[in-house]
Amino acid sequence: MLGFLVRLLPFWVREPLLILVGSVFGVRIMYLAHRDGEWVAAAIGLVFLVFTAVRVHTVARALRARRALAPAAAPVVAPVATEKEPNAWGQAFAAVAVFAALGAALWLGPHLLPSDDDGAPQAVSCAGGEDEELPGAYRKTPRAVTGDELCDALNRPDLAQLLGTPAETATAVSGTSNTLADGKVAQPEAEVQFDTYTVNVSVMYNKLSIAQYVELMEYGEETDVKTLSVLGRPAVLASDHLMKIEINFGGGASGGPVEQGPLARTLSVALDAKDRGGYCDITVWSTSGALPDDSALLDIAEKVLPTIPDRTV
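Given below as structure tokens:
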């Protein structure tokens with residue numbers, strides 16, 4: 038269809054258009070081929086340039102023939118009304134100007150117009166699990182939150198800013214509805230990973246209070262233990278190393294030994310002000326071993342905990 042419309046144009050309009058289009062696309066394709074090292078594209082660009090050279094030769098030959106056939110000037114006997122012949126050069130110039138603008142738009146458009154994909158990493162979202170059947174512990178535990186709901190609460194737009202790395206974007210998120218004690222205790226958790234830090238939030242729906250938890254820490258390997266109050270609830274800060282497990286799926290081996298992982302900082306907050314049992318853990322770590330200030334954990338707790346939805350039985 039496009040070729041038919043082009044053939045309908047006058048010669049002095051059609052040929053300059055073909056020359057301009059061929060030169061613009063030929064040069065553009067050759068440039069991209071040189072930049073990307075694509076020899077197939079270079080061959081296509083060369084075809085455009087050869088086509089353009091042929092059209093230029095055709096126009097030059099037509100101009101020479103037009104000058105050779107121009108009639109000699111003769112005296113006018115009487116004024117005769119004649120139809121004014123269109124100016125071929127004017128048509129050609131107008132066509133060149135129009136297609137020059139189109140060529141410039143094609144060339145510069147990707148650089149000037151906004152793009153939906155500008156190369157910036159896109160934020161990841163939590164996977165919905167509404168159709169998944171929850172373990173029995175969640176049906177028996179009043180107000181127990183699911184892993185997906187906890188993921189939605191943790192995956193905040195300002196989480197990276199709360200960690201002190203506002204330029205980063207989450208690279209992975211997850212939420213699982215775990216259980217403990219042979220499926221009798223609900224323990225949902227969610228995790229958000231950044232380039233610098235990883236944040237994990239879990240809720241333990243057991244009868245262990247923060248006061249009892251602090252007593253247990255005295256017999257454990259937790260360091261830098263600090264009790265405090267968060268949102269009017271008892272809380273405790275502590276540091277401990279994560280476990281590092283390597284799993285080998287080949288060669289019939291189950292994996293290497295359990296090793297000591299990076300140091301993590303955890304803020305544990307009671308589920309209610311009276312500390313009647315159950316708590317929420319907010320843990321931050323990095324593969325480099327660096328940790329943010331404790332104020333980051335407190336900020337995350339003050340932002341995330343109020344947004345965790347309550348579920349009824």
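Numbers 38 to 350, taken from my numbering, label the letters of the sequence shown in order.
C-beta atoms are modelled at their ideal positions from N, C-alpha and C, and glycine is treated no differently.
- 8 Å or more divides the Cβ of Leu300 from the Cβ of Ile319.
- Met280 is classed as exposed because its beta carbon has fewer than 16 other beta carbons within 10 Å across all chains shown.
- Residue Tyr250 holds the alpha-carbon nearest to the alpha-carbon of Pro271 among Glu170, Tyr250, Glu259.
- Put simply, the segment 81 to 90 touches the segment 52 to 67. At least three CB pairs are less than 8 Å apart.
- When secondary structure is reduced to three states using DSSP, Ile66 falls in the helix class.
- For Pro225, the secondary structure class from DSSP, reduced to helix, strand or coil, is strand.
- Per DSSP, Leu191 has no beta-bridge partner at all.
- Assignment of beta-bridge partners to Asn215 by DSSP yields Gln224.
- Collapsing the DSSP output to three states places Val58 in a helix.
- DSSP places Ala174 in the uninterrupted alpha helix (DSSP H) bounded by 173 to 177.
- Considering only His278, Val236, Cys317, Glu259, the residue with the shortest C-alpha distance to Leu268 is Cys317.
- Membership of Asp318 in any alpha helix (DSSP H) is not indicated; the residue belongs instead to the beta strand (DSSP E) covering 316 to 322.
- Shown here for Thr208: same chain residues with a beta carbon closer than 6 Å to its own, the five before and five after excluded, namely Gln230 in chain order.
- Arg302 counts as buried, since at least 16 other C-beta atoms from the protein chains shown sit within 10 angstroms of its C-beta.
- Taking the C-beta atoms as reference points, Ala227 is found no nearer than 8 Å to Ala181.
- Under the three-state reduction of DSSP, Gly257 is assigned to coil, being neither helix nor strand.
- For the segment 234 to 278, the continuous beta strand (DSSP E) assignments of 3+ residues that do not extend past its boundaries occur at 235 to 241, 260 to 267, in sequence order.
- Straight across, the Cα-Cα distance linking His278 with Leu69 is about 51 Å.
- Going by C-alpha positions, Cys163 is about 15 Å away from Pro346.
- At least 8 Å separates the beta-carbon of Ile337 from that of Val240.
- Where Leu86 is concerned, the enclosing alpha helix (DSSP H) starts and stops at 76 to 105.
- If you check the CB distance, Ser246 and Thr260 do not come in under 8 Å.
- As the crow flies, the alpha-carbon of Ser325 is around 19 Å from that of Leu199.
- Asp189 counts as buried, since no fewer than 16 other beta carbons sit within 10 angstroms of its beta carbon.
- Membership of Val341 in the alpha helix (DSSP H) is indicated by the continuous run 331 to 341.
- Within a 10 Å sphere around the beta-carbon of Glu186 sit 16 or more other beta-carbons, which makes this residue buried.
- Taking each of Tyr242, Ser323, Lys340 in turn and checking the Cα distance to Thr216, the smallest one comes out for Tyr242.
- For Ala301, the enclosing beta strand (DSSP E) begins and ends at 296 to 307.
- Counting along the chain, the unbroken alpha helix (DSSP H) around Leu196 starts and ends at 196 to 199.
- Excluding its 5 nearest sequence neighbours in each direction, Phe62 has C-beta neighbours in its own chain below 7 Å: Phe85, listed in chain order.
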